[in-house]
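Quick note: the sequence shown uses my numbering, first residue 17, plus one each step. What follows is one structure encoded as structure tokens, with my remarks underneath.
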Amino acid sequence: MKKTASFTFFSFLLTITILSCADAERKKNNFPNDLKNSKWIIQEGGLVTIDGDTTYRLSKRIDTAFIFNFYAVDFLDQERFTSYDSWECGNDCFTQIFGRYYFTKADQIEMQVDSIARSGTCEAPTQVFTISKVMSFNMVKKGDQLQLIRK
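Encoded structure:
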């Protein structure tokens, strides 16, 4: 009985260690992260989601801008992002995508969708992905504009 419990415990620790190492290895890159703490309006492409467009054209969001209808993506910190929409009266269905991102090269980014929330007239239980859905993009910067081109 003791041997089985010990084996189970050490197997569990080994699994956590392997998964932690893989995650740490993924994050150990020296690519500059110019996206960290930035907010973008999506000019073309809609929500950044698994079955979304092949190209997203983004421009920096200025907090003082008075915009009624838009799609946006916020890079919240070093690894988390959210993509959402905002509508004026008449369209009261709101969707928000939550996920993580990381650079695979200086001009390439991988985004993982962890969950999708819907509120308003299209309210539904939050869709959580136990295995994150992955999207890969090439990044092209043009002045203050940013393009994410699906690979």
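Quick reminder that beta carbons are idealized off the backbone N, C-alpha and C, glycines included. Bear in mind that the values here come from a model prediction, so they are computed numbers and not experimental data.
In this structure, how does DSSP classify Asp90 when only helix, strand and coil are distinguished? Asp90 sits in a strand when the DSSP states are folded into three classes.
If we call anything under 7 Å between Cβ atoms a contact, is Phe97 one with Tyr117? yes
Once you ignore the five residues that flank Leu92 on each side, which residues in its own chain have a CB closer than 8 Å to its CB? These residues qualify, in order along the chain: Asn53, Thr98.
Once DSSP output is grouped into helix, strand and coil, what is the label at Asn154? strand
Quick one: grab the DSSP three-state call for Gly115. strand
Buried or exposed (CB count within 10 angstroms, at least 16 for buried), Val156: Only exposed fits Val156, as fewer than 16 other CB atoms lie within 10 angstroms of its CB.
When the Cα of Arg166 is compared with those of Thr111, Leu63, Thr71, Arg134, which residue comes out closest? Thr71
Since Asp90 contacts Lys55 with CB under 8 Å, what's their CB separation in whole angstroms? 5 Å
To the nearest angstrom, how far is the alpha carbon of Phe4 from that of Ile113? Because the chain in this structure spans residues 17 to 167, residue 4 falls outside the shown range and cannot be described.
First and last residue of the uninterrupted beta strand (DSSP E) at Trp169: Given a span of 17 to 167 for the chain in the structure shown, any question on residue 169 remains unanswerable.
From Arg42 to Lys149, what distance separates their C-alpha atoms? Because Arg42 carries a pLDDT of 49, less than 50, the predicted location of this residue cannot be relied on, and the following value inherits that uncertainty. Straight-line Cα distance between these residues: approximately 16 Å.
For Arg134 and Gly159, what's the separation of their Cα atoms in angstroms? 34 Å
Can you grab the Cα-Cα spacing for the pair Glu139 / Trp103, in whole Å? 15 Å
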